[in-house]
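Novice:
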Amino acid sequence: MRRPLSRPWRGTSHRRTRQADDADGRVAKVVSVNTEPATQLSATARLYRLAPVLLVLSIAARLAWTYLVPNGANFVDLHVYVGGAATLDGHAGALYDYVYADQTPDFPLPFTYPPFAAVVFYPLHLLPFGLVAFCWQIGIIAALYGVVRISQLLLGGRAPRRVAMLWTAVGIWTEPLRSTFDYGQVNVVLVLAVLYAVYSNRWWLSGLLVGLAAGVKLTPAVSGLYFVGARRWGTAVFSAVVFFGTVAFSVLVIGDEARRYFTELLGDADRIGPIGTSFNQSWRGGISRILGHDAGYGPAVLLGIAVTAVLAVLAWRAIGGSADRLGAILIVSLFGLLLSPISWTHHWVWLIPLMIWLLHGPLADRLGARILGWGWLALTLVGVPWLLSFAQPTIWVIGRPWYLAWAGLVYIVATLATLAWIATTRTGRTESG
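Right under this line is the structure:
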């Protein structure tokens, strides 16, 4: 017999069959017919078979880019993690006076993370930086694969590893991951921690992961909205307990510097970086570029956040809330990205699971999902904010021609379009419920 051709993977919601008995109750009527051309299915099958090779080639190309191309990666954020943590020895000054400027003379980078992050990164300064940087890149790849796999598992049904390999191979070259590699960022690990917290049914493990992630970097704290909305009260409360535990531990270990962070430095967006650069894809960044000055949290920014909040609530209801766990945490995370004063492109790692949800999730058969999914992939592979950065004289200049300012809303507008489409589209679950 000829072996059946492979079919593209979909989550559980796409594995629907419907049977109707005939008058004798013995014959089933087939109401779903595969109309895809054999050539297309055969090409898909060949692509799946090549997935391991494509992943290896993608990883090799990324490492070659890092080490063989001039300025392939500068690891500036990793330098900040390691250099800031080294101050805990007491030989390099205070933690929050530390700056790294060797490769960024126009923007000396301070240590802007919670003090617990310095404690976590402390062992890294004991190792050669070259070794740390190489292992960090391998860790980024492993974490990206983990993000893809957990996204698949949250969708339910079959979760083919070869599909995960393909997404990882492509994801390496999207803008959020390119900047993660270039700077040596940690965000993909934090996204993995939050996704696993959503996936796990153990309240203490989920709370531990979210609390520790927020202790390293505050941005994962917004995921608490998901656990509250899902009525996972144990996780929500325990994550807060763990986070405050990281604060207490930091005060115990670092003392005055920990108190300084939480009483003086927390909320100082100017210290984090230039608000108006095209790499900042938050409402505050986008509105600031249009106005030509830092808009702060003025009326225009608050209006944008309010619109996003309304769309997020409507989208949450449209997918049936936490019944669609991946969709729900994505809605919360997209809201958090636009809410934050600064959302660098490497914060947008959430776009990887978003594309998986759009192209493989409960709405994948809808035209809108395909347009949004492939549209996001095109935007991130091109790297529109990165392209726009070449048109700004420096990262510190906020004002720019109107067409560049409005073009700088690219992730913001795409996010609003995504939330609006979800809000106006019902899944099979919500239609039947």
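Taking full-length UniProt numbering as reference, the numbering of the sequence shown is continuous, increasing by one, and the terminal residue is 433. A virtual CB, placed ideally from N, CA and C, is assigned to each residue, including glycine.
1) Following the continuous alpha helix (DSSP H) through Q392, name the residue where it begins and the one where it ends.
2) Within its chain, find whatever has a CB closer than 8 angstroms to the CB of R426; leave out the 5 residues flanking it on each side and keep chain order.
3) State the CB to CB distance for the pair G83 and Y100, rounded to an integer number of angstroms; the pair is presumed to be in contact (CB under 8 angstroms).
4) Less than 8 angstroms between the C-beta atoms of L388 and S278, yes or no?
5) Quick check: W283 and I395, are their CB atoms within less than 8 angstroms of each other?
6) For residue 443, which three-state DSSP category applies?
7) So, for A213: in the same chain, excluding its five sequence neighbours on each side, which residues have a beta-carbon less than 7 angstroms away from its beta-carbon?
8) Between the alpha carbons of L372 and P362, how many angstroms are there, rounded?
9) Let me know if W402 comes out buried or exposed under the rule of 16 or more other beta-carbons within 10 Å of its beta-carbon.
10) Less than 8 angstroms separating the beta-carbons of R366 and L359?
11) Assign Q103 to one of two classes, buried (16 or more other C-beta atoms within 10 Å of its C-beta) or exposed (fewer than that).
12) V76 and Y183 - do their beta-carbons sit closer together than 8 angstroms?
13) Is the Cβ-Cβ distance between L349 and P176 less than 8 angstroms?
14) Does H293 pass the burial test, meaning 16 or more other C-beta atoms within 10 Å, or should it be called exposed?
15) Whose C-alpha, out of F243, G146, P115, L154, is nearest the C-alpha of G171?
16) Would you say L95 and I272 are within 8 angstroms of each other, going by their C-beta atoms?
17) In whole angstroms, what is the alpha-carbon distance linking V397 and P299?
18) With respect to the alpha helix (DSSP H) encompassing H79, which residues constitute its N-terminal and C-terminal limits?
19) Pairs of beta-carbons, one from the region 105 to 118 and one from the region 144 to 158, closer than 8 angstroms: are there three or more?
Specialist: With the structure as the only source:
1) No alpha helix (DSSP H) holds Q392; DSSP gives it neither H nor E.
2) Same-chain partners within the cutoff: A318.
3) Rounded, the Cβ-Cβ distance is 5 angstroms, consistent with contact.
4) Contact: yes.
5) W283 places its beta carbon 8 angstroms or farther from that of I395.
6) No statement about residue 443 is possible, as the shown extent of the chain runs from 1 to 433 and does not include it.
7) For A213, the CB contacts under 7 angstroms within the same chain, skipping 5 residues up- and downstream, are L190, A193, V194, P220 in chain order.
8) Computed Cα separation, rounded: 14 angstroms.
9) Residue burial is scored here from C-beta neighbours: W402 has fewer than 16 other C-beta atoms within 10 angstroms and is therefore classed as exposed.
10) Cβ atoms of R366 and L359: not closer than 8 angstroms.
11) It counts as exposed.
12) Contact: yes.
13) Residue 349 is actually Val in this sequence, not Leu. A contact, by the Cβ cut-off of 8 angstroms.
14) That one is exposed.
15) G171 has its Cα closest to that of G146, out of F243, G146, P115, L154.
16) Not closer than 8 angstroms, so no.
17) Those two C-alpha atoms are separated by around 22 angstroms.
18) Unbroken alpha helix (DSSP H) run through H79: 76 to 86.
19) These segments do not touch.
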